[in-house]
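Student: Heads up: the sequence shown runs through residues 5 to 307, numbered per the numbering used here.
Where a beta carbon is used, it is the ideal one built from N, C-alpha and C, also for glycine.
Since the model is a prediction, treat every value here as computed from it, not as a measurement.
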Amino acid sequence: MRNSGFGMSDSELLLVNLIKQEESLQILPQAPILSSQQAGWESINIFYYCHPAHSTTEHYLTHHALALAYNQFQLEVRKDGKSRTQLVDNGIIQLTPANVSQWLRWDREGEFLIVTLCPKFLEKVVYESMKGDVIELIPQFSIIDSVILHTAEALKAEIETGHSSSRLFAESAATMLAVRLLQAYANYKPVIRAYSDGLAKNKLQLAIDYINAHLDQDIKLADIAELLGVSHYYFCHLFKQSVGMTPHKYLIQQRIERAKVLLKNQEFSIAEVALECGFTDQSHLTKHFKRLVGLTPKAMRSQ
Numbered sequence: 005m006r007n008s009g010f011g012m013s014d015s016e017l018l019l020v021n022l023i024k025q026e027e028s029l030q031i032l033p034q035a036p037i038l039s040s041q042q043a044g045w046e047s048i049n050i051f052y053y054c055h056p057a058h059s060t061t062e063h064y065l066t067h068h069a070l071a072l073a074y075n076q077f078q079l080e081v082r083k084d085g086k087s088r089t090q091l092v093d094n095g096i097i098q099l100t101p102a103n104v105s106q107w108l109r110w111d112r113e114g115e116f117l118i119v120t121l122c123p124k125f126l127e128k129v130v131y132e133s134m135k136g137d138v139i140e141l142i143p144q145f146s147i148i149d150s151v152i153l154h155t156a157e158a159l160k161a162e163i164e165t166g167h168s169s170s171r172l173f174a175e176s177a178a179t180m181l182a183v184r185l186l187q188a189y190a191n192y193k194p195v196i197r198a199y200s201d202g203l204a205k206n207k208l209q210l211a212i213d214y215i216n217a218h219l220d221q222d223i224k225l226a227d228i229a230e231l232l233g234v235s236h237y238y239f240c241h242l243f244k245q246s247v248g249m250t251p252h253k254y255l256i257q258q259r260i261e262r263a264k265v266l267l268k269n270q271e272f273s274i275a276e277v278a279l280e281c282g283f284t285d286q287s288h289l290t291k292h293f294k295r296l297v298g299l300t301p302k303a304m305r306s307q
């Protein structure tokens, strides 16, 4: 049993699952102003806080957690018995692996985003895509990582729009984030087999046919990867090599193409077209339609 270094064993520490609000409030008494809890994401979740000065009790988390600072504040932190006092600022990231003891105190309102990643999902990525022994993440007190930052910002933007139902997007982001953590912040660097030719033609066609047949549904990355007999990571990686875009971007593009066809039929309202194409509502369709086509569905229909 690991000891926290301050006279307490892990069995005596508070166990917190940030996804469960009644547990997160035990260490962060002010609720997040933005979260992905209503999105139905499984492997990854985000929580955005503007939290007053606070001192947490010592605890450990059920999920791997990345905390990204958005403003400047003085932070005292203890992870796995190691302490540090530092001035954090916008873009500074901390990594706290699951089941690692942690204590935090900050001196003024802290604006930060927490990204949680399911340990079982990380283990699945290791099992499917990498060779080697059991891999453990190493706690990080202060890192700057553009890959993590970009992924976290994309997840936050997805929630901010209010159109966060896409599990394909969330699972793809979780996969890329997991691979980044394993490559850069694990006890040793795992070997990831490299492929440069994309998906085999028959598997690519199988993936495209599946996406096109399920445009109106909340497609899961796991379903496509299982259909093709490849891992989450390799499907995302090889699909992008083959098509030139991520699976989620391809899905949005194909939904827009279907919307163009359906908009020609005046019997369908724009709201009905949106739902038929897999968008959460009319505004969700309009957002992507205007971005990709250059005009709104209503404007296109009037033409």
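1. Let me know the alpha helix (DSSP H) ranges lying completely inside the segment 123 to 190, each 4 residues or longer, listed in chain order.
2. Grouping DSSP H, G and I as helix and E and B as strand, with all else coil, what is Q257?
3. Bridge partners of S240, per DSSP?
4. How about the segment 33 to 53 and the segment 86 to 104: do they share at least three Cβ pairs that are nearer than 8 Å?
5. Tell me which residues share the same chain as L29 and place their Cβ nearer than 8 Å to its Cβ, disregarding the 5 neighbours each side in the sequence.
6. Between L153, F145, A263, A229, which has its C-alpha nearest E175's C-alpha?
7. Decide if M249 is buried, meaning its Cβ has at least 16 other Cβ atoms within 10 Å, or exposed.
8. Let me check understanding here. Comparing Cα to Cα, which of P56, L22, L210, K244 lies closest to G202?
9. Closest by CA to L19, which one among V234, W110, V297, Y64?
10. Pull up the distance between the alpha-carbon of Y319 and that of E276, whole angstroms please.
11. Could you spell out where the alpha helix (DSSP H) holding N49 opens and where it closes?
12. Grouping DSSP H, G and I as helix and E and B as strand, with all else coil, what is L203?
13. Can a CB atom of chain C be found closer than 8 Å to the CB of Q34?
14. Mapping the DSSP letters down to three states, classify Y192 as helix, strand or coil.
15. Can you list, in chain order, the stretches of the beta strand (DSSP E) that have 3 or more residues and sit fully within the segment 11 to 43?
Tutor: From the atom records:
1. 123 to 133, 150 to 164, 171 to 189
2. The count along the sequence shown starts at 1 and reaches residue 257 at position 253. Note: Q257 maps to helix in three-state DSSP.
3. For the purposes of this step, residue 240 is taken as the residue at position 236 of the sequence shown. The sequence shown places Cys at residue 240, not Ser. Partner(s): none; C240 has no beta bridge.
4. no
5. Locating residue 29 in the sequence shown gives position 25, where the first residue counts as 1. Within the same chain, L29 has close Cβ partners A35.
6. Counted from its first residue, the sequence shown places residue 175 at position 171. Of the listed residues, the one whose Cα sits closest to E175 is A229.
7. Stepping through the sequence shown from its first residue, residue 249 is reached at position 245. With fewer than 16 Cβ atoms within 10 Å of its Cβ, M249 is classed as exposed.
8. Taking the first residue of the sequence shown as 1, we reach residue 202 at position 198. For the residues P56, L22, L210, K244, the minimum Cα distance to G202 belongs to K244.
9. As a first step, residue 19 is located in the sequence shown; it is residue number 15 there, counting from the start. Out of V234, W110, V297, Y64, Y64 has the C-alpha closest to the C-alpha of L19.
10. Outside the displayed span of the chain (5 to 307) sits residue 319, for which this structure offers no information.
11. Along the sequence shown, read from residue 1 onward, the residue named residue 49 stands at position 45. Careful: N49 lies outside any alpha helix (DSSP H), inside the beta strand (DSSP E) at 48 to 55.
12. Taking the sequence shown and counting its residues from 1, the one referred to as residue 203 is at position 199. In the structure shown, L203 sits in coil (DSSP, three-state: anything other than H, G, I, E or B).
13. Protein chain content of the structure displayed is limited to a single chain, and chain C is not contained in it.
14. Mapped onto the sequence shown, residue 192 falls at position 188. Three-state result, Y192: coil.
15. 18 to 20
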